[in-house]
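Structure record follows, encoded as structure tokens.
Residue numbers (the UniProt record's numbering): 1 to 264.
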């Protein structure tokens, strides 16, 4: 994704991964649903600006309702806020399970309790990432391994199997952060919005900078889709888990929605 602005051709891309152009295109279509050339069109500023015009969070999100098309996240994500008291106790009395597994967008570090998912991150460094979370909940009992909830997320991230029951999130944040994160959950797959859109949606149109800070604190990658928020200019902006990954996810979602074999 580092060379997306150059719009590299098929031969160049295939050579980078040591595959023949034919085999690379075949493998890529399985992953994205479109050709590499079509995929690269979805990471341009021009395409992003067009999406912003076509889908504002105010028009798209609140008018569609749960029965609307593309409302993947509202249908299966349930966000519960951890109380300040529980957070201050540092996880005392909680059993936290953690696990690393591969996904379509890179390795994921998942941490959950019996209440729900507490952290979902694209992995940078296991030692550093897990230590950061353990420092947040130093009094919890930590166990390596999965659960039925972990398996549901594996099925989704690896095979796009949508769970029949809601995925519970159990996260701590300020009242403002929780408002922002809940607003993010309402952005349909395939839509993009701006920081200003989010600020307006929570009734604080002048708080764009604070919204950006809250988005940067999002503890749940992809499921709370902060990657769908970009700059008004059409630039994709930063991303806690690597700006290149953000571009890749946006383009992948667009590819899947525009694929002739769209199964989402």
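Beta carbons: idealized from backbone N, C-alpha and C, even for Gly.
- Scanning its chain for C-beta atoms nearer than 6 Å, with the 5 sequence neighbours on each side dropped, one finds around residue 51 the residues 192, in chain order.
- Ranked by Cα distance from residue 212, the first of 247, 176 and 245 is 176.
- Residue 209 is classed as exposed because its beta carbon has fewer than 16 other beta carbons within 10 Å across all chains shown.
- Residue pairing for residue 213: DSSP places it in no beta bridge.
- With a contact defined as Cβ atoms closer than 8 Å, residue 119 and residue 219 qualify at about 5 Å.
- Under a 10 Å Cβ-count criterion, residue 197 is classified as buried, with 16 or more other Cβ atoms of the shown protein chains found around its own Cβ.
- For the 9 Å CB-CB criterion, residue 170 and residue 113 form a contact.
- Taking 9 Å as the cut-off, the beta carbon of residue 214 is found closer than this to the beta carbon of residue 181.
- Taking a cut-off of 8 Å for Cβ pairs, the stretch 132-140 and the stretch 79-91 touch, as three or more such pairs fall below it.
- Distance from residue 190 to residue 253 at the Cβ level is roughly 6 Å; contact confirmed, criterion being Cβ atoms closer than 8 Å.
- For the options 98, 194 and 201, the alpha carbon positioned closest to that of residue 178 is the one of 201.
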